Amino acid sequence: METVPLSLQLNHRAITLKIAPSLLLIDMLREECQLSGTHQGCDTAQCGACTVLVDGRAIKSCNRLALQCANQSVLTIEGVAPNAHELHVMQQCFSRHHALQCGFCTPGFVMRALAMVHEDVPATPHAVREALSGNLCRCTGYEGIVQAICEGLEQLRRVDG
Ligand code: FES
Ligand code: FES
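Note that my numbering has the sequence shown beginning at 522, numbered continuously upward.
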């Protein structure tokens, strides 16, 4: 099988891999890099469970070739917490508002929420619900997720100044 080199930043570390040109980003993360926190919930780019950040923007990794991320910075849920003993502020908000049940969708929601910090998304339930239109949850009814993201946006923007 033909392979090509790919260099990128993954969770704050520079890496180089040899991959098939047709490899999807989600498969690179899960199978080549053992980062199984990025979930696959559909094969139609609709559920958002596979959301990661590429250069700070939320994208669906099931809908992106790994090669398209050459020389870019990819952040997955495994790279979000500041250290092994502490959750990220947004993760703390999800925990505080009971914003998960089975947890399958949660990494995608957290990544989407982190992208919102630098988007023009007001920290209001209506705006957050609109911004979440590409992420589906089968368990929670969204109420806790929306509350968690509103609080997380307020806290993180305060820190950003
Ligand atoms: S697995 Fe990518 S959107 Fe569902
Ligand atoms: S918490 Fe189960 S799908 Fe969202």
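All residues carry an ideal CB built from backbone N, CA and C; glycine is no exception.
Given the structure is predicted, the values throughout are model-derived calculations rather than measurements.
Compute the Euclidean distance between the alpha carbons of residue i and residue j, then round it to the nearest angstrom.
i, j, result
"K539", "T559", "20 Å"
"D681", "V573", "21 Å"
"L550", "R679", "32 Å"
"V649", "Q555", "31 Å"
"M632", "G655", "12 Å"
"G629", "L635", "10 Å"
"V575", "A602", "17 Å"
"E553", "R578", "22 Å"
"H609", "L657", "22 Å"
"C623", "E607", "21 Å"
Identify, in the order they occur along the chain, each residue of the same chain with its Cβ nearer than 7 Å to the Cβ of residue i, setting aside the five sequence neighbours on each side.
i, result
"A644", "C671, L674, E675"
"F625", "H560, G562, A570"
"G695", "The structure shown does not extend to residue 695, since the chain is modelled only from 522 through 682, so no value can be given for it."
"L596", "N532, V573, L574"
"P526", "T537, K539"
"G665", "H618, H619, A620"
Enumerate in chain order the residues of its own chain whose CB-to-CB distance from residue i is below 8 Å, with the five nearest sequence positions on each side excluded.
i, result
"M522", "A541"
"L588", "V525, L527, I540, P542, L544"
"Q612", "V601, A602, V631"
Provide the residue(s) that pair with residue i in DSSP beta bridges, ordered along the chain.
i, result
"T565", "According to DSSP, which records beta bridges pairwise, T565 is partnered with nothing at all."
"N604", "E607"
"A579", "L574"
"I536", "L529"
"L586", "L545"
"S594", "Q530"
Between which residues of its own chain and residue i is the CB-CB distance below 6 Å, once the five residues before and five after are set aside?
i, result
"G562", "C568, A570"
"S594", "Q530, D576"
Please find out if some non-hydrogen atom of ligand 3 comes closer than 7 Å to the beta-carbon of residue i.
i, result
"E664", "Ligands present in the displayed structure are limited to ligand 1 and ligand 2, and ligand 3 is not among them."
* Counting pairs of Cβ atoms below 8 Å between the stretch 614–634 and the stretch 662–670, do you hit three or more? -> yes
* Who sits around ligand 2, taking every residue whose Cβ is closer than 7 Å to one of its heavy atoms? -> L621, Q622, C623, G624, F625, C626, T627, C658, R659, C660, T661
* To do: Could you please go through the chain and list the residues whose beta-carbon is closer than 6 Å to any non-hydrogen atom of ligand 1?
  => Q561, G562, C563, A566, Q567, C568, G569, A570, C571, K581, C583
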